[in-house]
Amino acid sequence: MRARSQDLGFRLTTGAFAAALAAIVIGVGVALVSQSWLTIQKFGLGFWSTSTWDPVAGDFGALPFIWGTLYSSILALLIATPIALGIAVFISELCPARLRTPLVFLTELLAAIPSIVYGLWGIFVLVPAVRSLQTHVPDALRALPIFAGPPLGVGMLSAALILAIMVVPFTSSVAREVLKSVPVTQREGAYALGATRFEAIRAAMYFARTGIVGAVMLGFGRALGETMAVTMVIGNNPQVSASLFAPQYTMAAVIANEFTEAADALYLNALVEIGLVLFAITLVVNGLSRLLIWSMARGARGPRRKPAGAAA
Amino acid sequence: MTDVPTHATHLPPRPTVVRADRDGVADATVKVDVQNLSFYYGAKRALEGISLQAQTNRVTAFIGPSGCGKSTFLRTLNRMNDIIPGTRVEGSARIDGQDIYAPNVDVVELRRRVGMVFQKSNPFPKSIFENVAYGLRINRLVTSKAEIAERVEESLRSAALWDEVKDRVHDSALALSGGQQQRLCIARALAVRPDVLLMDEPASALDPIATQRIEELIYRLKSQYTIIIVTHNMQQAARVSDHTAFFWMGKLVEFDRTERIFTAPREKLTEDYVTGRFG
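If you're matching them up, the sequences are chains A and B in order.
Residues in the first sequence are numbered from 220 upward in steps of one, following the working numbering.
Residues in the second sequence are numbered from 714 upward in steps of one, following the working numbering.
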């Protein structure tokens, strides 16, 4: 009898902690909606699709910030993913045992550097480098929209590069752990059929593909929300531009920059609604990556197994 | 897998055909010729001066207690140990007269010629078809779609799996049962047409019925391949093999025709082991 009530209490307590997770997510969503109610009422869905950002006239549209966040994050992902996977493969499969520990330590060190420090480094090193790169772009290419604009240094490319640098240690650490968990029999199976080292590694990566997608998505989530370093190098100009060199803006950056100056209620509500949009996009991105991972896992296990097995 | 009962003891004795060609053993040609082979993990010697010959179209079984080196020895024959850092081989191992540890040997090509089936089935998380086609594709043995499909079917037939999977070759291999997965791994190994087939306790994780099917398969395959099998299960060795090698603590204690090993071994140690007095 005593044991049973104890078990029940234990289940209820841990269950309450788990329920708290859901409550926090819902609570954050509710708070964001209620704090941005003014702009939700006034602009409706137009908030997502218009580009005007005029606090003086009280006219707000989030499109440039959504654009800037997605553009910089996706660009960062494109740059960071091959590098991060390369590092993960090198550390877990190819590097001499003596080098492994120092390299792992270095990646962890990179992940531990505060983003404001990355931002400072960006201003003093990366931005001038991007500026000089831009002055060396041939005239023929400058006619293309993605290379258009004056050589400022601050802008989309600087933001994406600094994001990429910040994302690489995360993605590579997770990918390395994932590769480490691939059973050795998978690699041996490939070797036994006459695979080269490259082919055996590819077989291992294929086995681990859902985990690798997870690692990439973790990096993407981080890039979406990264604030400080991006704010310092992106140029903070709300415009929708395809140019790599144009100064732009992100959702996190505009909240950080303008929150303290938002004097009237509508302006404040507009900033909170940008937070709500960022929250929603993060949820959608995470949800989609979950779905992707599930469908890949189910495809690998075959239709005969129950979905419960596929989710494990 | 350790809690699986030693299934083979429940099986009826195998048909005597297994032993029918025993008298031909002496006439067969030597396929694998190992002379004075020693193997080291770092400074630790795991195998000491092993010499034995495996003959073409015969089944050679390695038996012995856990950790006796039989699997390590098997893995020296396709140089699978090369992928473990800090390992070293001394002595010689020849297949068709060619020293497989000679500096000019292409290890990738060697492993294609010497197929391997592992203790735990290890299909790739792909379709049944793609599992069998994998070796063909990476080695570019055949390239046209039709030829690949032909080889896949042929290999699945050879591994006695075709009839069970022919309607669902594009389904995931992981949906197959354990015994089917192991036969798929055999099919995958056969697809690249090896000369020698190494099997590392291929049935130790399977139930008695699946084990019996693997043993029947081994018996059928030996007309085309030279098979070397490591087994924990002495009844299995007695049923499927023509020659048996008994390993103990990294040494080859006795190597003879299977019949002799199990009925009239020369060494006291072998007799104790095969009669179950230790191990």
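Backbone N, C-alpha and C fix where the C-beta goes; we use that ideal spot for every residue, glycine too.
| query | Would you report the Cα separation of F786 (chain B) and L760 (chain B), rounded to the nearest angstrom? | reply | Straight across, the Cα-Cα distance linking F786 (chain B) with L760 (chain B) is about 7 angstroms.
| task | With T300 (chain A) as the anchor, note down where its alpha helix (DSSP H) starts and where it stops. | result | Start and end: L282 to V308.
| Where the beta strand (DSSP E) containing D746 (chain B) begins and where it ends | Per DSSP, the continuous beta strand (DSSP E) segment holding D746 (chain B) begins and ends at V743 to Y754.
| request: Please name the residue or residues paired with E967 (chain B) in a DSSP beta bridge. | output: In the DSSP assignment, E967 (chain B) is bridged to B:F959.
| query | For E860 (chain B), does the three-state DSSP call read helix, strand or coil? | reply | Residue state, collapsed to three classes: helix.
| request: Determine, using beta carbons only, whether V830 (chain B) and C898 (chain B) come nearer to each other than 7 angstroms. | output: Judged by beta-carbon spacing, C898 (chain B) lies within the 7 angstroms limit of V830 (chain B), meaning their Cβ atoms are closer than that value.
| query | Where do the N-terminal and C-terminal ends of the alpha helix (DSSP H) with R317 (chain A) fall, by residue? | reply | Boundaries of the alpha helix (DSSP H) around R317 (chain A): A316 to A331.
| task | Can you pull the chain B residues whose beta carbon is under 8 angstroms from the beta carbon of Q405 (chain A), in chain order? | result | Those are N835 and F837, listed as they occur along chain B.
| query | R824 (chain B) and N791 (chain B) look like a contact to me (Cβ under 8 angstroms); what is the Cβ gap, rounded to whole Å? | reply | So it is a contact: roughly 5 angstroms between Cβ atoms.
| said: Output needed for L294 (chain A): all residues of its chain with C-beta closer than 6 angstroms, excluding positions within five of it in sequence on either side, in chain order. | reply: Hits under 6 angstroms: A379.
| request: Report yes if the C-beta distance between I841 (chain B) and A902 (chain B) is below 7 angstroms; otherwise report no. | output: It is not a contact, given that the beta carbons lie outside the stated cut-off.
| Can you list, in chain order, the residues of its chain whose CB lies under 6 angstroms from that of R732 (chain B), leaving out five sequence neighbours each side? | Residue placement at R732 (chain B) is poorly supported in this model, since its pLDDT is 35, which falls under 50; the coordinates still yield a value, given next. Nothing meets the Cβ criterion.
| query | Closer than 7 angstroms, CB to CB, is G368 (chain A) near chain B or not? | reply | Not one chain B Cβ lies under 7 angstroms of G368 (chain A).
| message | Please return the same chain residues whose Cβ sits closer than 6 angstroms to the Cβ of A238 (chain A), not counting the five positions on each side in sequence. | response | Here A238 (chain A) has no same chain residue with a Cβ atom under 6 angstroms from its own Cβ, once five neighbours each way along the sequence are excluded.
| Secondary structure at D734 (chain B), three-state DSSP: helix, strand or coil? | Any reading at D734 (chain B) must be qualified, since the residue scores a pLDDT of 40, below 50, and its modelled position is unreliable; no value is offered.
| request: Classify P283 (chain A) as buried or exposed, calling it buried when 16 or more other Cβ atoms lie within 10 Å of its own Cβ. | output: By the Cβ neighbour-count rule, P283 (chain A) is buried, with 16 or more other Cβ atoms within 10 Å of its own.
| request: For S270 (chain A), name the three-state secondary structure that DSSP assigns. | output: Reduced to three states, the DSSP call for S270 (chain A) is coil.
| field | Reduced DSSP secondary structure (H/G/I, E/B, other) of F991 (chain B) | value | In the structure shown, F991 (chain B) sits in coil (DSSP, three-state: anything other than H, G, I, E or B).
| query | Are the beta-carbon atoms belonging to V855 (chain B) and T415 (chain A) less than 7 angstroms from one another? | reply | Going by beta carbons, V855 (chain B) and T415 (chain A) fall outside the 7 angstroms limit.
| query | Buried or exposed: V435 (chain A), going by 16 or more other Cβ atoms within 10 Å of its Cβ? | reply | Buried is the call here.
| message | Within 7 angstroms of any Cβ in chain A, is that where the Cβ of V865 (chain B) sits? | response | Answer no: the Cβ-Cβ gap between V865 (chain B) and chain A never drops below 7 angstroms.
| query | Are the segment 306–314 of chain A and the segment 484–501 of chain A touching by the rule of at least three beta carbon pairs closer than 8 angstroms? | reply | These segments do not touch.
| query | Beta carbon of L910 (chain B), beta carbon of Y938 (chain B): below 7 angstroms? | reply | In this structure, L910 (chain B) places its C-beta atom within 7 angstroms of the C-beta atom of Y938 (chain B).
| query | Does DSSP put V275 (chain A) in a helix, a strand or coil? | reply | For V275 (chain A), the three-state secondary structure derived from DSSP is coil.
| request: Could you confirm whether any beta carbon from chain A is found closer than 7 angstroms to the beta carbon of M829 (chain B)? | output: Yes, M829 (chain B) counts as interfacial toward chain A.
| query | So, does the CB of N852 (chain B) fall closer than 7 angstroms to a CB anywhere in chain A? | reply | Contact of N852 (chain B) with chain A is assigned, a C-beta pair being separated by under 7 angstroms.
| query | Which term fits E863 (chain B), buried or exposed, when burial requires 16 or more other beta carbons within 10 angstroms of its beta carbon? | reply | The C-beta of E863 (chain B) has fewer than 16 other C-beta atoms within 10 Å across all chains shown, which makes the residue exposed.
| request: Starting from the N-terminal side, write out each stretch of the alpha helix (DSSP H) that is 4 residues or longer and does not extend beyond the segment 783–812 of chain B. | output: Within the segment 783–812 of chain B, the complete alpha helix (DSSP H) runs of at least 4 residues are 783–789.
| message | I'd like to know whether the C-beta of L412 (chain A) is nearer than 7 angstroms to at least one C-beta of chain B. | response | Chain B contact via Cβ: present.
| Simplified DSSP assignment, three categories, for P728 (chain B) | Since pLDDT at P728 (chain B) reaches only 35, below the 50 mark, its modelled position is unreliable, and no value is offered.
| message | Using 8 angstroms for Cβ pairs, my map puts Q832 (chain B) next to S954 (chain B). What's the rounded Cβ distance? | response | So it is not a contact: roughly 17 angstroms between Cβ atoms.
| request: State yes or no: is the beta carbon of P915 (chain B) nearer than 7 angstroms to at least one beta carbon in chain A? | output: Chain A, which has no Cβ nearer than 7 angstroms to the Cβ of P915 (chain B), makes this no.
| task | State the DSSP-derived secondary structure class of A465 (chain A), mapped to helix, strand or coil. | result | If DSSP states are grouped into helix, strand and coil, A465 (chain A) belongs with coil.
| request: Kindly indicate if chain A contains any beta-carbon less than 7 angstroms away from that of G963 (chain B). | output: Closer than 7 angstroms: no.
| request: Work out the CA separation of I974 (chain B) and G810 (chain B) for me, nearest whole Å. | output: One C-alpha to the other measures close to 27 angstroms.
| request: Please look up how many angstroms separate the CB atoms of G192 (chain A) and M451 (chain A), rounded, as I've assumed it's under 8 angstroms. | output: Because chain A in this structure spans residues 220 to 531, residue 192 (chain A) falls outside the shown range and cannot be described.
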